[in-house]
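Residue numbers (numbering that gives the first Met the number 0): 0 to 101.
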Amino acid sequence: MELRERRKEIVKNTFVSVGYECDICGVTTDIVSLPDTWHELTHSHNGWGNDSCDSVETFHLCSPKCYIEQVKSSVKEVGNHQGAEIGEFTGEFIIELLKFFK
Ligand SMILES: [Zn+2]
0 MELRERRKEI VKNTFVSVGY ECDICGVTTD IVSLPDTWHE LTHSHNGWGN DSCDSVETFH
60 LCSPKCYIEQ VKSSVKEVGN HQGAEIGEFT GEFIIELLKF FK
């Protein structure tokens with residue numbers, strides 16, 4: 000007796016990167032790698048418990064103007080927490096740095 004295999008077609012969806020969207024102004028690019036004129040910024044702090052893990056966020060920014068806007072937003076969000084880091088800087092340093100952009 001020969002067993003007959005039953006088959007069903009299954010379609011799987013996957014997501015692939017097709018570009019970036021600026022987290023401040025929403026402009027998009029259809030280049031797969033981050034354009035040289037854009038910048039990626041990550042902020043975080045090392046406060047208590049899961050808050051520190053939840054604080055890690057990465058942003059993609061299309062221009063110096065959007066970069067500064069994101070830095071200001073990051074200062075409000077994590078700047079006063081213990082161990083704050085915004086980009087490559089400590090929270091204390093970036094707060095002082097922003098005083099030059101007023
Ligand atoms: Zn932008």
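Where a beta carbon is used, it is the ideal one built from N, C-alpha and C, also for glycine.
Distance cut-off 6 Å: residue i Cβ against heavy atoms of ligand 1
{"i": "isoleucine 23", "result": "yes"}
{"i": "valine 70", "result": "no"}
{"i": "valine 26", "result": "yes"}
{"i": "cysteine 52", "result": "no"}
Identity of the residue in the options nearest residue i by Cα
{"i": "glutamate 84", "options": "His59, Ser72, Lys64 and Asn45", "result": "Asn45"}
{"i": "phenylalanine 100", "options": "Gly90, Pro63, Cys24 and Phe88", "result": "Pro63"}
{"i": "glutamate 95", "options": "Trp37, His42, Asp35 and Lys71", "result": "Lys71"}
{"i": "glycine 78", "options": "His42, Met0, Asp35 and Ile9", "result": "His42"}
Cβ separation of residue i and residue j, assumed to be a contact under 8 Å, to the nearest whole Å
{"i": "leucine 33", "j": "tyrosine 19", "result": "6 Å"}
{"i": "isoleucine 23", "j": "leucine 60", "result": "6 Å"}
{"i": "leucine 40", "j": "glutamine 69", "result": "6 Å"}
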